[in-house]
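Shown next, in C-alpha cells, is the structure this report addresses.
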Amino acid sequence: ESEEFLAAFQARIDREEKIEPNDPMPEGYRRTLVRQIGQHAHSEIVGMLPEGNWITRAPSLRRKIALLAKVQDEGGHGLYLYSAAETLGVSREQMTEELLSGKAKYSSIFNYPTLTWADIGAVGWLVDGAAIMNQIPLCRCSYGPYARAMIRVCKEESFHQRQGYEIMMTLARGSEEQKELAQDALNRWWWPSLMMFGPSDSESTNSDQSMKWKIKRFSNDELRQKFITATVPQAEFIGLTMPDPELKWNEAKQAYDHGEIDWAEFKAVVRGDGQMNRDRLRDRNKAWDDGAWVREAALAHARERAENQQI
Ligand code: 3HC
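Under the UniProt record's numbering, residues 15 to 325 are what the sequence shown spells out, in order.
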C-alpha cells in the first residue's frame, strides 16, 4: 500500500468518517477488525455457557425469565458480531472452526466457573458492567458495521447489568448466608473482571494502532479505571467489601489506586490454562456436533426450495 493511500485513509479516519465494507482500506485495518470482532463474537457465544449453567436452577420464575432473556441476547450479540466480521471477507465457517479448534481467542472472563446463584448476579453486575464500559466507546468505532452493531448490543447490556446488580442487592440485603454468597461471588469475580479490559497499556500490543484508526477510543487502563470508579460505590451501597485491601480513592488523580492485577493468571487463562477453558471448548464442540442435523436439514430445505423455484 502506498504512503499516499495510507495517508488518505488516515485523513478519512481523522475526519471521523465511517469506513464501510466496500471502501478501500489498509489490509492491517481489515485484519485487526477481523481479529477483534471475531474474538468479540466468540466471547458472546462462549459467554452463554457460564450463565446457561444456572437456567434450570434459578431460584424463582422471575429470575429464570430474566436469565433466559439475557442468555438469548448474548446469542444474538454473537450473531450480530459474526455478521459484522463477515462484511470484512471472513466466513462464519472459518471463524467457527477457529473457535472450535482452540485457535481463536475469546474473553478470559468466561473461563471461570459459576459456582453459586450469586455468581449469576456478579456476572451480570461486573462482567456486563465491564462489557458496557468497553462497548459504549465501540459505538463510535470508525468501522460502520461494528459501530452500528454495538448500539443495539449496549441497550441490551444495560438490562443485563441491572438485573445482575438487583440479584446482588437482594442477596446482600437478605439473610447472613445470602450476604455471604454475594460477598464470595464478588471476591471471585472482581479481579477476573478487571482483566477483561486487557493487559496494561504498556503491554498492549494492538492499542497504539487501534487508537490511531479510532477502533479503540480509550486505552485499556483508562476503561479499567472508569469501571473501578463506577463499580466501587455500587458495592459499598449494598454493603459488600471490595476484595482489594489496596483499593483507595486518590483525590489528586480523581480515581482509585488499586492492588496489582495478577498478570500471570491472566496470561495463563488467555493461553488456555484457566479453570474452565477445556470445558468451554468441549461444550462448544458438543453443541456443534449435536446441531449438525439442524444444519443439514436447513441446507436440504434450502436446496429443495431453490430447485422448486427453478422448475
Ligand atoms: N481475554 C482474552 N484475550 C485478551 C483479553 C482478554 N480479556 N484482553 C486482551 N486479550 C488479548 C488481545 O486479543 C491481544 O491478543 P491478539 O493480538 O492475539 O488478539 C492481546 O491480548 C493483547 O491485548 P491488546 O490490548 O493489544 O488487544 P486489543 O487492542 O484487542 O484490546 C480488548 C483487547 C480491549 C478486549 C479489545 O479487543 C476489545 O475491545 N474487544 C471487543 C470487546 C470485547 O471483546 N469485550 C469482552 C467480551 S464481550 C462480553 O463480555 C459480552 C457480554 O455480553 C458478556
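No residue lacks a Cβ here, since even glycine has one placed at the ideal position from N, Cα and C.
Can you check DSSP and say which residues form a bridge with residue i?
i    : result
Y270 : W263
Quick one: measure Cβ to Cβ for residue i and residue j, integer angstroms, because I've assumed they're closer than 8 Å.
i    : j    : result
L185 : G143 : 17 Å between Cβ atoms; not a contact.
A163 : A98  : 5 Å
W131 : P73  : 6 Å
G52  : V104 : 7 Å
Y126 : G288 : 7 Å
A269 : T243 : 6 Å
Y94  : R44  : That belief does not hold up - the Cβ atoms of Y94 and R44 are roughly 19 Å apart, past 8 Å.
M109 : A55  : 7 Å
T46  : N291 : Not quite, the Cβ-Cβ distance comes to about 24 Å (not below 8 Å), so this is no contact.
C155 : K228 : 7 Å
P151 : R231 : 4 Å
G116 : L295 : 6 Å
R238 : L200 : Wrong, their Cβ atoms sit about 17 Å apart, outside the cutoff.
M147 : W204 : About 14 Å; that fails the 8 Å criterion.
E100 : R106 : 6 Å
Consider the C-beta atom of residue i and the heavy atoms of the ligand 3HC; say whether any pair is separated by less than 7 Å.
i           : result
R238        : no
K119        : yes
E41         : no
D276        : no
F19         : no
A145        : yes
S156        : no
E88         : yes
F211        : yes
K169        : no
N67         : no
D142        : yes
T110        : no
H54         : yes
V284        : yes
R49         : yes
T219        : yes
S57         : yes
S224        : yes
H91         : yes
K193        : no
K230        : yes
N234        : yes
Q149        : yes
G116        : no
residue 326 : A question about residue 326 goes unanswered here, because the residues of the chain that appear run from 15 up to 325.
H174        : yes
S122        : yes
So, is residue i buried or exposed, given that buried needs 16 or more other C-beta atoms within 10 angstroms?
i           : result
R315        : The question names Arg, but residue 315 is His in the sequence shown. H315 should be labelled exposed.
P64         : buried
G188        : exposed
F280        : buried
Q324        : exposed
L254        : buried
T128        : buried
N234        : buried
D258        : buried
A301        : exposed
P159        : buried
R309        : exposed
F241        : buried
L313        : exposed
S172        : exposed
T245        : buried
F19         : exposed
residue 341 : In the structure displayed, the chain extends from 15 to 325; residue 341 sits before or after that span and is not available.
R298        : buried
So that I know if they touch, is there some Cβ in chain D lying closer than 8 Å to that of residue i?
i    : result
Y157 : Protein chain content of the structure displayed is limited to a single chain, and chain D is not contained in it.
Would you say the beta carbon of residue i is closer than 7 Å to some non-hydrogen atom of the ligand FMN?
i    : result
M290 : Among the ligands present in this structure, namely the ligand 3HC, the ligand FMN is not found.
Next item on the list: Could you tell me which uninterrupted alpha helix (DSSP H) segments, each at least 4 residues in length, are contained entirely in the segment 140 to 220, listed from first to last along the chain?
Entry: 142 to 149, 158 to 186 and 190 to 209
Check: Taking the runs of the alpha helix (DSSP H) that are 4 residues or longer, which of them lie wholly in the segment 22 to 108?
Finding: 41 to 60, 62 to 66 and 75 to 100
Check: What are the start and end residues of each continuous alpha helix (DSSP H) run of 4 or more residues lying completely inside the segment 106 to 133, in chain order?
Finding: 106 to 114
Next item on the list: At 4 residues or longer, and completely inside the segment 241 to 324: list those alpha helix (DSSP H) runs for me, N to C.
Entry: 277 to 285, 291 to 304 and 306 to 324
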